[in-house]
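Asker:
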Amino acid sequence: MDLSRKQSFDKVSIREICQQAGITTGAFYHHFRSKEDLLSRGFAPLDTYLEQALNGHQDDPPADRLWRLMTNYAEFLENLGWELVARYYQRRLDSPDDTSSMDSSRFTLRAMADCLGQAEAEGGLLPGWSAEWTADFLLRHFRGVVIDWTLHRGSYRLLARLEQDYTLFSQVFRTG
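Residue numbers (our numbering): 1 to 176.
1) Is the separation between the beta-carbon of A135 and that of A113 shorter than 8 Å?
2) With respect to the alpha helix (DSSP H) encompassing W129, which residues constitute its N-terminal and C-terminal limits?
3) Per the contact definition of three or more C-beta pairs closer than 8 Å, is the segment 115 to 133 in contact with the segment 141 to 153?
4) Judging by CA-CA distance, which residue of E16, T25, A63 is the nearest neighbour of D131?
5) From what residue to what residue does the alpha helix (DSSP H) around N72 run?
6) Taking the CB atoms as reference points, tell me whether A82 and T167 lie closer together than 8 Å.
7) Ordered along the chain, which non-local residues of its own chain (more than five positions away) have a Cβ less than 6 Å from that of L116?
8) Between G176 and K35, what straight-line distance do the alpha-carbon atoms span, to the nearest angstrom?
9) On the premise that L46 lies in contact with F76, defined as a C-beta separation below 8 Å, what is that separation, rounded to the nearest angstrom?
10) Between D148 and G26, what straight-line distance do the alpha-carbon atoms span, to the nearest angstrom?
11) If I'm right that A119 touches L69 with Cβ under 8 Å, what's the distance once you round it to whole angstroms?
12) Does DSSP put Y88 in a helix, in a strand, or in coil?
13) Which residue marks the beginning of the alpha helix (DSSP H) containing R110, and which one marks its end?
14) Write down the C-beta distance between F107 and L50 rounded to the nearest angstrom, noting that I regard them as a contact closer than 8 Å.
15) Out of curiosity, what's the CA-to-CA distance linking Q58 and R65?
16) Alpha carbon to alpha carbon, what distance is there between H30 and Q20?
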């Protein structure tokens, strides 16, 4: 993934990937059928990244934890770059049977639901909308913003756009 930040994903060769990773091409092909299969691993590192970002903040107020999740989510994706993120989504759309990115047991969705569950218990969500539904809604929305960011070729700061939306949502959910 580091290589694709320096040059287009299409221009990165499997040989370069193997050299960077310190493995043989045979080892690469043992785990992957093609370079595009790397994209199937997609955002697995995102969950680990977000889990580390929240580590030590379990007792923070739910709004602060949601903010931390969102800012680190945006930072992770911006560091990948719009082109690689776009390729990932293209790969996902080409593989409709792969639902791993929408797995409800993933850390990102669980952490959002936990934050919102606490907010709900404290009366901070609109009545009638569960923490799970709200977490799914926010994640769907953020995913849509990420796709918009890729369509605009990363021409705006992802975090700034998510921050605007988060501010709006936090005001809407507080007024309930």
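We treat Cβ as the ideally placed atom computed from N, Cα and C, and that holds for glycine.
From a predicted model like this one, the values you see are computed outputs, not experimental measurements.
Answerer: On the basis of the data shown:
1) Locating residue 135 in the sequence shown gives position 135, where the first residue counts as 1. Locating residue 113 in the sequence shown gives position 113, where the first residue counts as 1. Inclusion of A135 and A113 in the CB contact set at 8 Å is warranted, their separation being smaller than that value.
2) Translated into positions along the sequence shown, residue 129 becomes position 129. Taken as a continuous stretch (DSSP letters only), W129 belongs to no alpha helix (DSSP H), as it is neither H nor E.
3) Short answer: they don't touch.
4) Against the sequence shown, residue 131 aligns to sequence position 131. According to the sequence shown, residue 131 is Ala rather than Asp. Closest option to A131, Cα to Cα, is A63.
5) As a first step, residue 72 must be located in the sequence shown, where it is residue number 72. From DSSP, the alpha helix (DSSP H) with N72 extends over 62 to 80.
6) The residue labelled residue 82 in the question sits at position 82 within the sequence shown. The residue labelled residue 167 in the question sits at position 167 within the sequence shown. Inspection of the sequence shows that residue 82 is occupied by Trp rather than by Ala. It is not a contact, given that the beta carbons lie outside the stated cut-off.
7) Counting from one through the sequence shown, the residue named residue 116 turns up at place 116. Excluding positions up to five away in sequence, the list reads A131, T134, A135.
8) Here residue 176 is taken as the residue at index 176 of the sequence shown, counted from 1. Here residue 35 is taken as the residue at index 35 of the sequence shown, counted from 1. Summary for G176: the model assigns pLDDT 46, below 50, so the residue's position carries little reliability; its value from the coordinates is reported in the next sentence. Cα atoms of G176 and K35: separation of roughly 48 Å, rounded to the nearest angstrom.
9) Counting from one through the sequence shown, the residue named residue 76 turns up at place 76. Counting from one through the sequence shown, the residue named residue 46 turns up at place 46. The C-beta distance from F76 to L46 rounds to 5 Å, short enough to fall under 8 Å.
10) The residue given as residue 148 occupies position 148 in the sequence shown. The residue given as residue 26 occupies position 26 in the sequence shown. Straight through space, the alpha carbons of G26 and D148 are spaced by roughly 37 Å.
11) Within the sequence shown, the letter at position 119 stands for residue 119. Within the sequence shown, the letter at position 69 stands for residue 69. Not a contact, Cβ separation roughly 13 Å.
12) Indexing the sequence shown from 1 puts residue 88 at position 88. Y88: helix per DSSP, three-state reduction.
13) Here residue 110 is taken as the residue at index 110 of the sequence shown, counted from 1. For R110, the enclosing alpha helix (DSSP H) begins and ends at 107 to 121.
14) On the sequence shown, position 107 is the one that residue 107 refers to. On the sequence shown, position 50 is the one that residue 50 refers to. Distance from F107 to L50 at the Cβ level is roughly 6 Å; contact confirmed, criterion being Cβ atoms closer than 8 Å.
15) For the purposes of this step, residue 58 is identified with residue 58 of the sequence shown, where counting begins at 1. For the purposes of this step, residue 65 is identified with residue 65 of the sequence shown, where counting begins at 1. So the alpha carbons of these two residues sit roughly 8 Å apart.
16) Reading the sequence shown from its first residue, position 20 is the one you call residue 20. Reading the sequence shown from its first residue, position 30 is the one you call residue 30. When rounded, the separation of the alpha-carbon atoms in Q20 and H30 is 17 Å.
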